[in-house]
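A.B. asks:
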Amino acid sequence: MPQCNGTRFSRSELLQASVELRHALGYVKSMALRCAVKLGVADAIHRRGGSASLEDLLAELSLDASRLPCLRGVMRALAASGVFAEGSDGEYRLTAASSLLVDDGSSRGSLAPATLLFVAPPFVTPMLNLAEWLLAGADGSDSTATTAFEMTHGGDLWDVLGRDAVLSDFFNDALASDTRFVMDIAIRGSAQVFEGIASLVDVGGATGAAARAVAAAFRSIKCTVLDLPQVIDAVAPVDGLVDYVAGDMMEFVPPADAVLLKVISKTVYLLLAFK
Numbered sequence: 372m373p374q375c376n377g378t379r380f381s382r383s384e385l386l387q388a389s390v391e392l393r394h395a396l397g398y399v400k401s402m403a404l405r406c407a408v409k410l411g412v413a414d415a416i417h418r419r420g421g422s423a424s425l426e427d428l429l430a431e432l433s434l435d436a437s438r439l440p441c442l443r444g445v446m447r448a449l450a451a452s453g454v455f456a457e458g459s460d461g462e463y464r465l466t467a468a469s470s471l472l473v474d475d476g477s478s479r480g481s482l483a484p485a486t487l488l489f490v491a492p493p494f495v496t497p498m499l500n501l502a503e504w505l506l507a508g509a510d511g512s513d514s515t516a517t518t519a520f521e522m523t524h525g526g527d528l529w530d531v532l533g534r535d536a537v538l539s540d541f542f543n544d545a546l547a548s549d550t551r552f553v554m555d556i557a558i559r560g561s562a563q564v565f566e567g568i569a570s571l572v573d574v575g576g577a578t579g580a581a582a583r584a585v586a587a588a589f590r591s592i593k594c595t596v597l598d599l600p601q602v603i604d605a606v607a608p609v610d611g612l613v614d615y616v617a618g619d620m621m622e623f624v625p626p627a628d629a630v631l632l633k634v635i636s637k638t639v640y641l642l643l644a645f646k
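With my numbering applied, the sequence shown corresponds to residues 372 to 646, in that order.
Written out as structure tokens, the structure is:
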């Protein structure tokens, strides 16, 4: 019986363990999802009335017929993971997950931009450099980077966004799509939390998606977005639905009955009411 450091493992245990190591292929699902989102597969199925064959998808997505085998692989991988559903008739349908990728013009919007952010090269590449970052210094290399992201890009997230306008727009659009989704759920399901509030400040609100959702649903609440000057200058709409204030929240927050904060890493919103 094989053993390691005195621990004995049966051959069946080792065989099962080798299967566990296949989790190294987990990126295939992520990249298949990225492919489907970039192609607009969910929207294509939606346009077909909620069900589409591979041939339908080839036509809807304007793909060459020679790509059908690869498209089949992508769709089967995503069906196996629950993103899409494959029927006995060979047609693919939307699931709860893929329905969130449909852009149907509703107030909820689509989570496609946020999903693409999760698998965007600038954010995936640092994960490929984790080992190198952990080894930095021990092998004589530069160890000043505080994160794998910083080692990869030569600065933290905000540095990188500050010097790459295209990436900054992509990042803000992704956060806005996530915000619209969460706020739509929050407003429809927990409207009572906004009762008695006359004014609200969305701190670090970027495009103001959260504040705009509140202002649209509760016209009596005066909503203000606070963010850094470069953010406000780039994204502030001029329709008057909410006010935009440029500043640093560590130095000043406009007075209001409530402050809305978002914990970006966990998509958690905190509504702090001062009464």
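Where is the CB? At the ideal position from N, CA and C, for every residue including glycine.
Give me the residue from Ile603, Gly575, Val490 and Pro600 with the minimum Cα distance to tyrosine 398.
C.D. replies: It is Val490 whose Cα lies nearest to the Cα of tyrosine 398.
A.B. asks: Per DSSP, what kind of secondary structure is lysine 646 in: helix, strand or coil?
C.D. replies: With a pLDDT of 47 at lysine 646, under the threshold of 50, the modelled position of this residue cannot be trusted; read the value that follows with caution. The answer is coil: DSSP assigns lysine 646 none of H, G, I, E or B.
A.B. asks: Give the range of the alpha helix (DSSP H) segment to which phenylalanine 552 is assigned.
C.D. replies: For phenylalanine 552, the enclosing alpha helix (DSSP H) covers residues 536-560.
A.B. asks: Which same chain residues end up closer than 8 Å to leucine 538 when comparing Cβ atoms and leaving out the 5 residues on each side of it in sequence?
C.D. replies: Pro493, Val531 and Leu532
A.B. asks: Hey, is the stretch 514-523 in contact with the stretch 451-471, meaning 3+ C-beta pairs nearer than 8 Å?
C.D. replies: no
A.B. asks: Helix, strand or coil for serine 514 per DSSP?
C.D. replies: coil
A.B. asks: Helix or strand or just coil, what does DSSP make of alanine 586?
C.D. replies: helix
A.B. asks: Which residues share a DSSP beta bridge with serine 367?
C.D. replies: Residue 367 falls outside the range modelled here, since the chain spans only 372 to 646, and no answer is possible.
A.B. asks: With distances taken Cα to Cα, identify the nearest neighbour of alanine 629 among Ala413, Asp598 and Leu571.
C.D. replies: The shortest C-alpha separation from alanine 629 is found at Leu571.
A.B. asks: According to the Cβ coordinates, are alanine 407 and leucine 449 closer than 8 Å?
C.D. replies: yes
A.B. asks: Can at least three beta-carbon pairs, one atom from the stretch 612-632 and one from the stretch 566-580, be found at a separation below 8 Å?
C.D. replies: Look at the beta carbons and you see the stretch 612-632 touching the stretch 566-580: at least three pairs across the two are nearer than 8 Å.
A.B. asks: Quick one: residues in its chain with C-beta nearer than 7 Å to the C-beta of leucine 479, no 5 flanking neighbours on either side, listed in chain order?
C.D. replies: Note that residue 479 is arginine in the sequence shown here, rather than leucine. Its chain contains Arg551, Phe552 and Asp555 as the residues whose beta carbon lies nearer than 7 Å to that of arginine 479, once the 5 sequence neighbours on both sides are disregarded; these appear in chain order.
A.B. asks: How is alanine 430 classed by DSSP in three states: helix, strand or coil?
C.D. replies: helix
A.B. asks: Candidates Phe589, Ser591, Ser548 and Gly560: which alpha carbon is nearest glycine 576's?
C.D. replies: Taking glycine 576 as reference, the option from Phe589, Ser591, Ser548 and Gly560 with the minimal CA-CA separation is Ser548.
A.B. asks: Is leucine 385 helix, strand or coil by DSSP?
C.D. replies: Helix, per DSSP.
A.B. asks: Skipping 5 residues on each side, what residues in its chain have a beta carbon closer than 6 Å to that of alanine 451?
C.D. replies: none
A.B. asks: Taking C-beta to C-beta, are leucine 472 and alanine 413 nearer than 8 Å?
C.D. replies: For leucine 472 and alanine 413, yes; Cβs fall inside 8 Å.
A.B. asks: Starting from threonine 466 and walking both ways along the alpha helix (DSSP H), at which residues does that stretch end?
C.D. replies: No alpha helix (DSSP H) contains threonine 466, which DSSP labels as neither H nor E.
A.B. asks: Cutting at 6 Å between CB atoms, please list the residues of its own chain near phenylalanine 565, excluding the five before and the five after it.
C.D. replies: Phe589
A.B. asks: Let me check one thing: in DSSP terms, what residues is leucine 571 bridge-paired to?
C.D. replies: Bridge partners of leucine 571: Cys594 and Ala629.
A.B. asks: For proline 497, count neighbouring Cβ atoms within 10 angstroms of its own Cβ and tell me buried if that reaches 16, exposed if not.
C.D. replies: buried
A.B. asks: DSSP on serine 459, reduced to helix/strand/coil?
C.D. replies: coil
A.B. asks: State the CB to CB distance for the pair leucine 425 and leucine 439, rounded to an integer number of angstroms; the pair is presumed to be in contact (CB under 8 Å).
C.D. replies: 6 Å
A.B. asks: With the cut-off set at 8 Å, would you say leucine 612 and alanine 587 are in Cβ contact?
C.D. replies: yes
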